[in-house]
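Step one of this worksheet: look at the structure below.
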Amino acid sequence: MCQVIYCPKKVHATPAQGFTSTTLAQGRFGEIDVFNRFLPPGAPVSKLWLSWQKTKGSSDGSVLNNVWQPGGSTGWHSHPGHTLVIVTAGAVTQYQSNDPSCTPKVYTAGMAFVDAGGDHAHIVRNEGTEVAQVIAVRLVPAGQPGRIDVADPGNCPF
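With the sequence shown counted from 1, adding 931 to any position gets you this note's numbering.
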């Protein structure tokens, strides 16, 4: 005999609207352990550049071309890995689910940002009047979806 003790509210994902994502390339990486540093000749140590990428287990890498029509939106979603994003046209505005004040972060053509992925969700919108476009390089655990749709967290007025 089974008795219902807890019945959670039905959760609805927020679908993308006016947004398309095209995969330009994808491939599987084995474990990654790459460290680089660069110091221009004669430069002070304060100018030292460092980069480190380390994974445990295989990863799926993708290069994406994402396009938003004016008013378009990705819908609320998360990623199990991180993404490097370069805005190539227009402007996009990003909002984080863990920001109670729903602070907009605007990125215009030529700007770049990192979506750290992980345990929070975000939404990226085109709040402008022209088409917006980004190239994204995404790395996620092998075999996992690159995008996980989630319900509206309720912290933003839209």
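Heads up, the beta-carbon is just placed ideally off N, CA and C, and yes, glycines get one too.
With three or more beta-carbon pairs closer than 8 Å as the criterion, would you say the segment 1069-1084 touches the segment 988-999? yes
Taking the beta strand (DSSP E) that His1013 falls in, what are its first and last residues? His1013 to Ala1020
Taking all protein chains shown into account, do 16 or more other C-beta atoms lie within 10 angstroms of the C-beta of Gly1048, making it buried, or fewer, making it exposed? buried
Take Gly1002 and list the residues in its own chain whose beta-carbon comes closer than 7 Å to its own, dropping the five residues that flank it on each side. Gly949 and Asn1057
In three-state terms, what does DSSP make of Lys1036? strand
Leaving out five residues on either side along the sequence, give the residues of the same chain with a beta carbon under 8 Å from the beta carbon of Val935. Caution is warranted here: a pLDDT of 39 is assigned to Val935, below 50, making its placement in the model unreliable, and the coordinate value is therefore given only provisionally. Excluding residues within five positions, none has a Cβ falling inside 8 Å.
Going by DSSP, which residues form a beta bridge with Arg1056? Ser1004 and Thr1024
Give the DSSP bridge partners of Arg1069, in chain order. Ser993 and Thr1014
Please name the residue, chosen from Trp980, Asp1030, Cys1033 and Ala1043, that lies closest to Ala1020 on a Cα-to-Cα basis. Ala1043
Val998 and Thr951: beta carbons closer than 8 Å? yes
Count the other CB atoms, across all protein chains shown, that sit within 10 Å of the CB of Pro1031; report buried if there are 16 or more and exposed otherwise. exposed
Beta strand (DSSP E) containing Asp964: first to last residue? Asp964 to Phe969
Taking Trp1007 and Ala1082 to be in contact with their CB atoms under 8 Å, please state how far apart those CB atoms are, rounded to whole angstroms. 7 Å
Helix, strand or coil for Lys978 per DSSP? helix
What does DSSP give as the partner residues of Asp1046 in its beta bridges? Thr1014
With DSSP as the reference, label Lys987 as helix, strand or coil. coil
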